[in-house]
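Positions 51 to 459 (my numbering) are the ones given, in order, by the sequence shown. So the structure is just underneath, and the comments pick up after that.
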Amino acid sequence: FLSILSIISADNDTFTQQELEMIGGSDAPQAEFYFMNSKLFEDLMRNYKKDLSPYYTNHHVIDLPSNWSHPPPMATQVVLTYARIVKLDQVEQVMRVIAEFRMIWHDYRLKWNPSEYGGINHFYVNRASVWTPEITVANSESASDAVPEHKQNVLINSTGHLLYYYSLLANSVVRLENKNFPFDVQECPVCLVETFFNKNESKIYAGISPDISYAISGNGEWDLLNLKTFRKTLPDYHMVEFDLMCFLFKLKRKSNFYVMVIIIPTFIITALTITGIFGKRMSGDDYIGELSLGLTSLMTMTVMLGIVADSLPKTDHLPVLSIFLTIDVSLMAASVLLVIIHPRVLNPQMKKIKSRVFKPVEIEEENPKCCFGLLPKSMKSYMTANLFFMLIFQSVNIGSLYYILSFWK
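In structure tokens form, the structure reads like this:
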């Protein structure tokens, strides 16, 4: 081990010129740059007040010299460079998103002539050293910086333009339309506003970076279809209007899970239950097995309906998945009801057969065929009615499946 250390120390005793240049060993240019950079920073900050905004607030003044005019509102360009949907809570109707914005604005107090400072045309400072626009998410219940403030830097250009990348984690309050759940497409806005400043003093211009990837912006449940921006003006508040710049996220739910885990199994369970109830040849009182099958399936469907209900907000619109499950639950309930009343009410000849079967033996000997004369005819009528109900219920089941899958695109 000591021999290895000695070899390493021997190799590090001297450095080549190439290694020095690679690690910045040539001090003269850097020393000159640091000196001019420090001088530039001191000159700019000598009379600079970071707590004082650069907004022009004299738009109310009318009596101006003839060669003067009010400057336009200070423009802040906000470009969305990265977005990732973390979660979309359907019950709370909140979208949790991680976003990064590139912000550019102009501060005339931070201009200089590069020729007077060794050709330096830009430098970096900590965010806390300069004034930055107070832009927040207007429709958010909570928002926090993804990067701590002491680790955020701002680029200052010699023209007075400042560049700043702002990353945040926001919980945006949205309004979800669950009518087509689970085949729904949602439009969820994230609106930015510059607090306190009115639109005559400040204006936000929003954009979307062409390099943003839609493929990685969704999550396991949602795909990001499109992103666009729009402007919205808030109503007057104490005679002041505020502009909102909104980024509209168009999301499509990944519905394969619901189709394969809920819709298809529900259809199969309903189809098998209807077949099991109406497809068996039974006597008028032999319906306990069919009744048990129907009640068990009905309980299973009720549990599925409860799971879907717990994952959706309680709104006036009934989702298509709830309609589908309700139809299947109704089919099973009707099947169970028919199992009970069909042999007794819809086929009263069963009672005649039962009374004749249990007549005294001497009556049977006089007319041995009277007991069972009606049995074949009655059972044929009974099976015909069963087949009719089975076809009707299966048709409704297939129709409900076709209805809900028509929303699957």
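Using N, Cα and C, we set each Cβ at its ideal position, and we do this for glycine too.
Query, Result
"Beta carbon proximity, V128 to chain B, threshold 8 Å", "In the structure shown, chain B does not exist; there is a single protein chain."
"Range of the contiguous beta strand (DSSP E) that encloses F280", "W272 to T283"
"N276, buried or exposed, once every other Cβ within 10 Å from all chains shown has been counted against 16", "exposed"
"A220 - containing alpha helix (DSSP H), residue span", "Per DSSP, A220 belongs to no alpha helix (DSSP H); it is in the beta strand (DSSP E), H211 to V223."
"Integer Cβ distance of A321 from N447, believed to fall under 8 Å", "6 Å"
"Beta-carbon proximity check, G210 vs H156, cutoff 8 Å", "yes"
"Cα-Cα separation, I313 to T325", "18 Å"
"Presumed contact (8 Å Cβ cut-off) between K89 and V180, rounded CB distance", "About 18 Å separates the two Cβ atoms, so there is no contact after all."
"For S445, three-class secondary structure by DSSP", "helix"
"Sub-8 Å separation of Y493 and E251 beta-carbons", "The chain is shown from 51 up to 459; residue 493 falls before or after that span and cannot be answered."
"Rounded straight-line distance, which links the Cα of M382 to that of T131", "53 Å"
"Among G329, S192, P183 and R303, the one whose alpha carbon lies nearest that of S103", "P183"
"Opening and closing residue of the alpha helix (DSSP H) in which S385 lies", "V370 to I391"
"Local conformation of E340 per DSSP, three classes", "helix"
"Selection from L375, V386 and F438 that minimises the alpha carbon distance to F231", "L375"
"Supposed close pair M317, L451 - CB separation, criterion 8 Å", "Note that residue 317 is Phe in the sequence shown, not Met. Yes, they are in contact, since the Cβ atoms of F317 and L451 sit about 5 Å apart, within 8 Å."
"Exposed unless 16 or more other CB atoms sit within 10 angstroms - verdict on L371", "buried"
"Beta-carbon proximity check, L94 vs L160, cutoff 8 Å", "yes"
"Top-ranked residue by Cα proximity to K249, from V128, P122, S456 and S259", "P122"
"When V223, F247 and N228 are compared against C241, the one with the closest alpha-carbon", "V223"
"Closest residue to M349 among D378, W458, P369 and S361 (Cα-Cα distance)", "D378"
"Stretch pair the region 257-272 + the region 194-206: three plus CB contacts closer than 8 Å", "no"
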